[in-house]
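When the letters of the sequence shown are read in order and numbered with numbering that gives the first Met the number 0, they come out as residues 0 to 222.
For each residue, glycine too, the CB sits at the ideal point set by N, CA and C.
Shown next, in structure tokens, is the structure this report addresses.
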Amino acid sequence: MNAEPPVLESLNGRARRTPIVGACLVGLSGAAVALIAVTSCFGSGFVWTPPAPTPTPTATVTPTPTATPTATATATPTATPTATPQRPLSLPPPGPDERWVLVDLSDQTAAAMVGNTPWHTAQVTTGKDGWETPVGEFRIIYRVYDETMTSASIGAEEYYVLEDVLFTQYFTTEGHALHLNYWRPDGVFGNERTSHGCVGMRYADAEFFWNFATYGTRVVIQP
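Pasting the structure below:
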């Protein structure tokens, strides 16, 4: 459809153009229509500035935290206990005529000493592992000529009742003594530790020490 030409009208003798607005606006966008309307209102000198587009927010990327390495605990080495070496006994020297008993655990012997002179040496059997004969200086505290010994009296693991244990001379309150040992074979004396801590002897040796020592006689046991 063709637009109609503008009509000239006379106004106080002056001609003016009346645009056919409806016909001219057909096919224009909303923004163009708005621009034309604003221009009509404010004059041709008005410059329309379209609104600035709203910026789309940019997603902020949160950095992934870096795992802090965990320190690996270092095992502290365990010290291995070292056995304390046994030192020689430091004992007062015997008097020149003192009667005393010297037991040597390494040699499995017992000596009847007068001063520094051995009068009689016997092969013995002393305490086995777990029942070691104590090392040190002791005194004979009581004597029993014919003793009966039991496992219950010392808390031994194996049961026994031993009668007629002759020439028994105790030097500790825990039951350690010099005495006859008749239940072990002859080959253990001087060679093997088989007792529960006592110093066992053959018959002749046990009798000798019974007659040699008495109450208060010093007994020295060295490693």
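Cβ neighbours of Ala155 in the same chain (closer than 6 angstroms, five flanking residues each side left out) | Looking up residue 155 in the sequence shown gives position 156. Closer than 6 angstroms at Cβ, skipping near neighbours: His195.
Start-to-end residues for the alpha helix (DSSP H) that takes in Trp182 | In the sequence shown, residue 182 corresponds to position 183, counting from 1. Where Trp182 is concerned, there is no enclosing alpha helix (DSSP H), given that its DSSP letter is neither H nor E.
Pairwise C-alpha distance: Asn115 and Phe207 | Residue 207 sits at position 208 when you count from the first residue of the sequence shown. Residue 115 sits at position 116 when you count from the first residue of the sequence shown. Those two C-alpha atoms are separated by around 18 angstroms.
Given Glu191, which residues of its chain have a CB within under 7 angstroms of its CB, disregarding the five upstream and five downstream residues?
-> Stepping through the sequence shown from its first residue, residue 191 is reached at position 192. Excluding sequence neighbours, Glu191 sits near Thr124.
Consult DSSP for Trp118 and reduce its assignment to one of helix, strand or coil.
-> Sequence index remark: in the sequence shown, residue 118 carries index 119 (1-based). DSSP places Trp118 in strand when its eight states are reduced to three.
Same chain only: Cβ atoms within 6 angstroms of Thr120, ignoring 5 sequence neighbours per side = Translated into positions along the sequence shown, residue 120 becomes position 121. Thr108, Ala110.
CA-to-CA distance, Arg183 to Ala212, given in whole angstroms | Residue numbering aside, residue 212 sits at position 213 when the sequence shown is read from its first letter. Residue numbering aside, residue 183 sits at position 184 when the sequence shown is read from its first letter. Cα to Cα, the separation comes out at about 24 angstroms.
Helix, strand or coil at Glu162 [DSSP, three-state] = On the sequence shown, residue 162 is found 163 positions in, with the first residue counted as 1. Three-state DSSP puts Glu162 in a strand.
What did DSSP end up calling Tyr214 once you bin it into helix, strand or coil?
-> Taking the sequence shown and counting its residues from 1, one reaches residue 214 at position 215. Tyr214: coil per DSSP, three-state reduction.
Whole-angstrom C-beta distance between Phe137 and Thr171, which should lie under 8 angstroms | Position 172 of the sequence shown, counted from the first residue, corresponds to residue 171. Position 138 of the sequence shown, counted from the first residue, corresponds to residue 137. 6 angstroms between Cβ atoms; contact.
Under three-state DSSP, which class holds Asp204?
-> As a first step, residue 204 is located in the sequence shown; it is residue number 205 there, counting from the start. Helix at Asp204.
Taking Leu90 as the reference, give the member of His178, Asp163, Gly135 with the closest Cα.
-> In the sequence shown, the residue the question calls residue 90 occupies position 91. Answer by Cα proximity: Gly135.
Going by alpha carbons, who is nearest to Gly186 out of Ile140, Tyr158, Gly199?
-> Position 187 of the sequence shown, counted from the start, is the residue given in the question as residue 186. Gly186 has its Cα closest to that of Gly199, out of Ile140, Tyr158, Gly199.
Collapsed DSSP secondary structure at Pro209 in the structure displayed | Start at 1 with the first residue of the sequence shown, and residue 209 comes out as number 210. In the sequence on display, residue 209 carries Trp and not Pro. Here Trp209 carries a helix assignment [DSSP, helix/strand/coil].
Beta strand (DSSP E) containing Asp103: first to last residue?
-> Translated into positions along the sequence shown, residue 103 becomes position 104. Asp103 -> beta strand (DSSP E) spans 98-103.
From Val218, Gly215, Arg217, Asn210, pick the residue whose C-alpha is nearest to that of Tyr144; which is it?
-> Here the question's residue 144 lines up with position 145 in the sequence shown. When only C-alpha atoms are compared, the closest one is Asn210.
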